[in-house]
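In what follows, a single structure is set out as structure tokens and then discussed.
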Amino acid sequence: MIGASKILGKALVASPERRQEADADFEIVRSVQAGDVAAFDGLVAKYRERVFGIVYHLTSNREDAADLTQDAFIKAFQSIHRFGGQSSFFTWLYRIAVNSALSHLRKARLRSFFSLERIDSEEPVAKEIIDALTDKCGADRDTYVHELQEKLNDALHKLSTKHRTVVTLFEIDGLSHQEIADVMDCSVGTVRSRLHYAKQLLQSELQPYIRR
Amino acid sequence: MKPENKRPVTIEDLLRLKRTERPPAEFWSEFERQLRAKQLAALVEKRPWWQSFPVMLSGLSRHRVPFGAAAAFALTILVVREYRSTSVPAAQPAEAFATQDIVLPVSQSVAALPAEISLGAFAPTAVSAVPEIQHPATAAFVAATELPLNPAVTVPASISVDSKPPASALAAMGTVGSLRAPSSLDGSNFLASPAIFDARPVVASVPRNAIDPLRLMNPPGESRRARFLTAMVSSASVEAQPRTSERAANRIAEERLYDQVSRFGARGDRLQVKF
Chain Y
4 MIGASKILGK ALVASPERRQ EADADFEIVR SVQAGDVAAF DGLVAKYRER VFGIVYHLTS
64 NREDAADLTQ DAFIKAFQSI HRFGGQSSFF TWLYRIAVNS ALSHLRKARL RSFFSLERID
124 SEEPVAKEII DALTDKCGAD RDTYVHELQE KLNDALHKLS TKHRTVVTLF EIDGLSHQEI
184 ADVMDCSVGT VRSRLHYAKQ LLQSELQPYI RR
Chain P
204 MKPENKRPVT IEDLLRLKRT ERPPAEFWSE FERQLRAKQL AALVEKRPWW QSFPVMLSGL
264 SRHRVPFGAA AAFALTILVV REYRSTSVPA AQPAEAFATQ DIVLPVSQSV AALPAEISLG
324 AFAPTAVSAV PEIQHPATAA FVAATELPLN PAVTVPASIS VDSKPPASAL AAMGTVGSLR
384 APSSLDGSNF LASPAIFDAR PVVASVPRNA IDPLRLMNPP GESRRARFLT AMVSSASVEA
444 QPRTSERAAN RIAEERLYDQ VSRFGARGDR LQVKF
């Protein structure tokens, strides 16, 4: 039996933690392939929030994101026997989810509407940034945060889907350039160039909110 | 705290705010329930037969090397056999000759032609000597089409099958396609006549090695000379270009000069300027 690490040697997993994670995922995948269907629930529980996050940030719609995330898991489950460990399970699942989301965006280009989640302004990272942006408090603060959220969303939706995907995967989900290249099936150079262009455009759109 | 003392906010910070957009906890329980239902539906749902192809092919992928080798071997054998069969021409059987010209269409239009038109002129190859053709199908066909032809008209004695025109010639006359009544001769009679084979033009088989291969080769001196000539011609054409353009420029200048001269005219006490 070929070890999972050996198979995943080809997969471009950045850190040792990620490699360990990929090995653990591959073991679960093998047990699912062997017939243990319940083992797939572990993978769902592990990745549902991240997959939902990427799809939600691409579509900006909670209901669509939920449907697409579920579809991505179903597709992964249906074709798990085809997964041979050429990449990590996480990359494979992300690819399925991103492709589903992009396909959905292409179809629903003209009838897209947004239903945004609330920004948790009490979370330390969010609180620090909002504090730096405004002195307001109470209802005024909430209004300001909501306005900022809408502006941010509008700016992201002015980008093309490819640029938005790269920005979302890098800045929001924290994937490396190489991982994004694997997910999007393009070169690292393309990822960098898209990221640079997207950030320039976002910077010009969100100029009033940037404090130097 | 004054805004001046606050830390700078970058585009990355703003994007980081998006990370905090999270659905409430109850959303996940609903999500879980929906996913479970979809998963069960996917398990129960009968998949179309064509979706099992990738699975079968993935099973075969283990044996791709032996399959590929066997396919390559079979292909090689086929190609070699094909090459051999084409390089050695097979002898044509006698039946092939016999069946080639058995069906001899005799058209009424031919019968309607004047007797002085001898179709023998069209046919360089004589087939056999059949005295007259008066086919019942021909008459029936003419009666059915109600053409103003006399069914009793027969092919004159001078027109016989041995003077059968080639199909291309009849097609050129434009009547064969519309009024053809095929009349076949008995194959055994046809074969019985030795004249068929006597009259058939024999294609002389020319051996392949009749052409001297050395004649096909150019002597090296000639090719060298050709190269030099090509180089000379190309360099001459390059040189000729500026000269041509110079000449063209001169011609333009001359034309302009003539034009200017023709615009100004002095006649008697008048000065004429044309615009």
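Sequence lines, in order, name chains Y and P. Using my numbering, read the first sequence as starting at 4 and increasing by one per residue. Using my numbering, read the second sequence as starting at 204 and increasing by one per residue. Every residue, glycine too, gets a C-beta built ideally from N, C-alpha and C.
Going by DSSP, what residue range makes up the alpha helix (DSSP H) through residue i?
| i | result |
| --- | --- |
| Y:L151 | A142 to H160 |
| Y:E131 | P127 to L136 |
| P:D415 | Neither: P:D415 is in no alpha helix (DSSP H) and is coded neither H nor E. |
| Y:V169 | T164 to V170 |
| Y:V186 | H180 to M187 |
| Y:N2 | In the structure as shown, chain Y starts at 4 and stops at 215, and residue 2 of chain Y therefore has no counterpart that could be examined. |
| P:T213 | Per DSSP, P:T213 belongs to no alpha helix (DSSP H) and is neither H nor E. |
| Y:R85 | Unbroken run through Y:R85: none, as it is neither H nor E. |
| Y:G177 | Segment: none, Y:G177 is in no alpha helix (DSSP H) and carries neither H nor E. |
Quick check on DSSP: helix, strand or coil for residue i?
| i | result |
| --- | --- |
| Y:E66 | helix |
| P:Q475 | strand |
| Y:I213 | coil |
| P:V313 | Low per-residue confidence applies at P:V313: pLDDT is 48, beneath 50, and the placement is therefore not dependable enough to give any value. |
| P:G468 | strand |
| Y:S118 | strand |
| P:E224 | strand |
| P:M435 | helix |
| P:P422 | coil |
| Y:S196 | helix |
| Y:D74 | helix |
| Y:S190 | coil |
| P:E233 | helix |
| Y:D123 | coil |
| P:E248 | coil |
| P:I399 | Legend: pLDDT at P:I399 = 49, less than 50; position of this residue unreliable, no value from coordinates given. |
With 8 Å set as the bound, which would you pick, yes or no: does the beta-carbon of residue i sit closer than that to a beta-carbon of chain Y?
| i | result |
| --- | --- |
| P:D194 | Residue coverage of chain P in this structure runs from 204 to 478, which leaves residue 194 of chain P outside it and unanswerable. |
| P:F234 | yes |
| P:R430 | no |
| P:I557 | For chain P, the structure presents residues 204 to 478; residue 557 of chain P sits outside this window and is missing. |
| P:T433 | no |
| P:P416 | no |
| P:A245 | yes |
| P:L238 | yes |
| P:P211 | yes |
| P:L217 | yes |
| P:P206 | Any reading at P:P206 must be qualified, since the residue scores a pLDDT of 48, below 50, and its modelled position is unreliable; the value itself is stated next. Taking Cβ atoms only, chain Y reaches closer than 8 Å to P:P206, which makes this a yes. |
Using a beta-carbon distance below 8 Å, is residue i in contact with chain P?
| i | result |
| --- | --- |
| Y:L205 | yes |
| Y:H160 | no |
| Y:R1 | Here chain Y covers residues 4 to 215 and nothing more, so residue 1 of chain Y does not appear. |
| Y:A42 | no |
| Y:Q81 | yes |
| Y:F76 | yes |
| Y:V169 | no |
| Y:Y60 | Reading off the sequence shown, one finds His at residue 60 of chain Y, where the question assumed Tyr. At least one chain P Cβ lies under 8 Å of Y:H60. |
| Y:I183 | no |
| Y:A104 | no |
| Y:A37 | no |
| Y:K49 | no |
| Y:K202 | yes |
Buried or exposed: which applies to residue i, given that a residue is buried once 16 or more other Cβ atoms fall within 10 Å of its Cβ?
| i | result |
| --- | --- |
| Y:G56 | buried |
| Y:G88 | buried |
| P:Y286 | exposed |
| Y:E182 | buried |
| Y:K202 | buried |
| Y:H199 | exposed |
| P:M435 | exposed |
| P:K221 | buried |
| P:E224 | buried |
| P:F276 | exposed |
| Y:N64 | buried |
| Y:F29 | buried |
| Y:E60 | Strictly speaking, residue 60 of chain Y in this sequence is His, with Glu absent from that position. Y:H60 is buried by the Cβ-count criterion. |
| P:Q475 | exposed |
| Y:H84 | exposed |
| Y:S103 | buried |
| P:L278 | exposed |
| P:I214 | buried |
| Y:H180 | buried |
Can you pull the chain C residues whose beta carbon is under 7 Å from the beta carbon of residue i, in chain order?
| i | result |
| --- | --- |
| Y:I122 | Among the chains of the structure shown, chain C does not appear; the protein chains present are Y and P. |
Runs of alpha helix (DSSP H) lying entirely within the segment 18-71 of chain Y, each at least 4 residues, in chain order: Entirely contained in the segment 18-71 of chain Y, the alpha helix (DSSP H) runs reaching 4 residues are, in chain order, 19-36 and 43-62.
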